[in-house]
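Participant:
Numbering (our numbering), first residue to last: -15 to 327.
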């Protein structure tokens, strides 16, 4: 029995057959700090009292039927995912109106926070990662998707926020560096970081490949053309996750997603400095901006000139972002093989 199984007594039972039964665990953990407080959920860092190991607890307050359904799906899928490139879900319990989910602690920032510290509000900068480190990050990401697809699921919310990377320290954490030269500064940070290891998280909008697909979720910046434009979403398959991974690769390489709302394109400042303004927009206007952005990807090829890597790496990113699914990689396994050729 492994360490994680010992925490729950090797619990394999489930009242529904979809995931393990409730296992009260709260008293065994010491609260350290809240990391991501929100209206519907909070992520907290905790320490196991006996082993002193760090974990995190996701505390969810599902207020609507849709939120409850999302929670059920997250539990159903996440407990099945046992892979070195996927965050481990260990146990769950009810605590009043909240559902608490115990998960492994992953030491490292999300790709989103790592990017933000490097690119935020700046003019053109050198890429965040060397070509080799870039490929290492996305070999891990693609292996995670290969496993998810092999289990018969689509993730459908692949984006920088949902990849946590051990070995990548945020630039902010390394701000005490004495170097003022950005190229040297970047090199110092990566040398201090250690081995890169990436894990995929958050299965709240995942679906089984063989179940009816209606009202598919996803984030507007990263959702694939077929999810946006299909008259029926029944044909949505692994290629949708591959497109979203391509959009994430594109953004990590150059600091911006492949498609943005029209008004963003007209600004001269770096796009990430505008997100505060975007978030304050009237919801109706914001929806219009999103629709404008989503329509672009149905017919507009991605501008690969922004990607600051070799033509071979550009070709991989471009193939992930092809508009027709049939022109992308035929499977996440094929993408993994292509990426591994660089390592």
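Beta carbons are placed, not taken as given, at the ideal position from N, Cα and C, and that holds for glycine.
1. Can you tell me which of the three DSSP states residue 84 falls into?
2. Give me the Cβ distance between residue 3 and residue 60, rounded to the nearest whole Å; I'm assuming they're in contact under 8 Å.
3. Determine the closest residue to residue 141 out of 201, 116 and 127, with distance taken between C-alpha atoms.
4. Using 8 Å as the Cβ pair cut-off and three pairs as the minimum, do the region 204 to 214 and the region 118 to 136 touch?
5. Have a look at the DSSP bridge pairing and note the partners of residue 38.
6. Taking buried to mean at least 16 other C-beta atoms within 10 Å of its own C-beta, is residue 325 buried or exposed?
7. What residue range does the beta strand (DSSP E) around residue 124 cover?
8. Tell whether a beta-carbon distance below 8 Å holds between residue 228 and residue 143.
9. Contact defined as beta carbons within less than 8 Å: I believe residue 305 pairs with residue 277. What is the distance between those atoms, to the nearest angstrom?
10. For residue 309, write down the residues that DSSP places opposite it in a beta bridge.
11. Here's the rule: buried if 16 or more other CB atoms are within 10 angstroms of the residue's CB, otherwise exposed. What is residue 188?
12. Might you give, ordered along the chain, the residues of its own chain that have their beta carbon closer than 8 Å to the beta carbon of residue 315, omitting 5 neighbours on each side?
13. By the 10 Å Cβ neighbour count, where 16 or more other Cβ atoms means buried, how is residue 235 classified, buried or exposed?
14. How close, in whole Å, do the beta carbons of residue 330 and residue 212 come, if the pair is a contact with beta carbons under 8 Å?
Facilitator: Taking the geometry as given:
1. strand
2. 5 Å
3. 201
4. no
5. 31
6. Counting Cβ neighbours within 10 Å, residue 325 comes out exposed, since fewer than 16 surround it.
7. Element bounds for residue 124: not the beta strand (DSSP E) but the alpha helix (DSSP H), 115 to 134.
8. yes
9. Between residue 277 and residue 305 the Cβ distance is about 14 Å, and since that is not below 8 Å, they are no contact.
10. Answer by DSSP bridge pairing: none, since residue 309 is not bridged.
11. buried
12. 130, 133 and 222
13. buried
14. With the chain covering only -15 through 327, there is no way to say anything about residue 330.
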